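Some notes on the structure that comes next.
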Amino acid sequence: MSQRSRFKTLVVVDLETTGFIQDEPKITELAMIAVNIEALERTKPEDELPRVLHKFVKCFDPLKLLDSEVAKITGECEASSMLMDYAPFNYETVIAIEAFLSDFQQPICLIAHNGDLYDFPILSHEIQTAMSNCDRSPIGNAQLNYQSTSIPTDDPSSLLTKDVSVQTISSKDDHNQMSFLSISCADSLAFFRHLSQLETENQVNSPENSIMIPTESGMSVDTSDKSSTYIPTPDPERNKPSLKLSKIYQRDFPSGTSHLKHHQAEHDCLMLLAILKRHLSLWLQWIEVNHRPLNYFSSSLLSTIQSSPKKM
Numbered sequence: 001m002s003q004r005s006r007f008k009t010l011v012v013v014d015l016e017t018t019g020f021i022q023d024e025p026k027i028t029e030l031a032m033i034a035v036n037i038e039a040l041e042r043t044k045p046e047d048e049l050p051r052v053l054h055k056f057v058k059c060f061d062p063l064k065l066l067d068s069e070v071a072k073i074t075g076e077c078e079a080s081s082m083l084m085d086y087a088p089f090n091y092e093t094v095i096a097i098e099a100f101l102s103d104f105q106q107p108i109c110l111i112a113h114n115g116d117l118y119d120f121p122i123l124s125h126e127i128q129t130a131m132s133n134c135d136r137s138p139i140g141n142a143q144l145n146y147q148s149t150s151i152p153t154d155d156p157s158s159l160l161t162k163d164v165s166v167q168t169i170s171s172k173d174d175h176n177q178m179s180f181l182s183i184s185c186a187d188s189l190a191f192f193r194h195l196s197q198l199e200t201e202n203q204v205n206s207p208e209n210s211i212m213i214p215t216e217s218g219m220s221v222d223t224s225d226k227s228s229t230y231i232p233t234p235d236p237e238r239n240k241p242s243l244k245l246s247k248i249y250q251r252d253f254p255s256g257t258s259h260l261k262h263h264q265a266e267h268d269c270l271m272l273l274a275i276l277k278r279h280l281s282l283w284l285q286w287i288e289v290n291h292r293p294l295n296y297f298s299s300s301l302l303s304t305i306q307s308s309p310k311k312m
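Residues 1 to 312 (UniProt numbering) make up the sequence shown, in order.
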């Protein structure tokens, strides 16, 4: 059993939508891939992914037109007309997702790349909209024990220990939309930004950055000495690698033989899972103190519209 994480199951999530966050997009495709953390830890280093994966993939009629730029990026130009053959994201969708998640060891943590500013607000908004449009009360057959924590800081990348409070919702009477919305979430983009920052700091402070300059007498001057000649060094910020999901995957798996395609929801999930497997020890430590409940984003969709970037 993993001694490093309170979580038992990771569920990688990816959405394809009608537009960018500022357009209040609707979901056109949802993929969830669940994996037991112990199984992930036991996977051989040479294996990109575990043998056993559990998948939930659905397409939806968004009931609105796709943004032309987004359709080109995601390749949904030709598929947009076919989406009309599917049901929209609705109450039954929420029940189906809950049933899927109830099969796995609790607690669960949802993972998405740029999830804090994209996937999680959109998913939370769609769930609440679906529930508010339904006259029926949610069924209580699948009694989930999602454990959520509240984080008393707005800094999702901090590795400092935080006080957490655990809330378990298991009562049949309490089994409502909040049982799903209380599930924990973590943003892998924030994690990789943190790693990138640490690498930059290590490079700046590294003895290798001490440049020896020859002098006329044949002696060398250590430029790490503030009293010596100043030689400007390149700005590490300009040399930071891209943190887009596809770029990280290409760096971690440079063989070029992968069949996975960016901006296909299931493939994006597989890419992210393969990447996280390579950084699993650090990732499990990081999410211990850097996760939020999905209902944290329940009122944040509109507040993030003005400042959010495009999906990574």
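Every residue, glycine too, gets a C-beta built ideally from N, C-alpha and C. For clarity, every value in this text was computed on a predicted model and none was experimentally measured.
In the displayed model, C134 falls within coil according to three-state DSSP, outside both helix and strand.
By the CB criterion at 8 Å, V13 and D119 fall inside the cutoff. When secondary structure is reduced to three states using DSSP, V94 falls in the helix class. With fewer than 16 other beta carbons inside 10 angstroms of its own, K55 counts as exposed.
With a beta-carbon spacing of about 4 Å, A265 and A31 fall inside the 8 Å limit used to define contacts. Take the alpha-carbon of H194 and the one of R51: they are about 30 Å apart. Segment contact: the stretch 20–29 against the stretch 116–133, three or more CB-CB distances shorter than 8 Å; contact assigned. C109 is positioned such that its CB atom lies closer than 8 Å to that of I287.
Closest in C-alpha terms to K8, from the list M271, T28, L40 and Q250, comes L40. Cβ-Cβ distances below 6 Å link N133 to nothing in the same chain once the five nearest sequence neighbours on each side are left out.
In the three-state scheme derived from DSSP, where H, G and I count as helix and E and B as strand, F60 is classed as coil. If you compare the alpha carbons of L65, P293 and T129 with that of T93, the shortest gap goes to T129.
Taking A87 as the centre and dropping the five residues before and after it, the same chain places the C-beta of F60, D61 and T93 closer than 8 Å to its C-beta, in chain order. The three-state reading of DSSP puts E16 in strand, counting E and B together.
With a contact defined as Cβ atoms closer than 8 Å, H113 and L245 qualify at about 5 Å. Under the DSSP assignment, A186 falls in the beta strand (DSSP E) whose first and last residues are S184 to D187. Around the C-beta of E46, fewer than 16 other C-beta atoms lie within 10 Å, and the residue is accordingly described as exposed. Your pair I111 and V11 checks out as a contact, with CB atoms roughly 7 Å apart and the cut at 8 Å.
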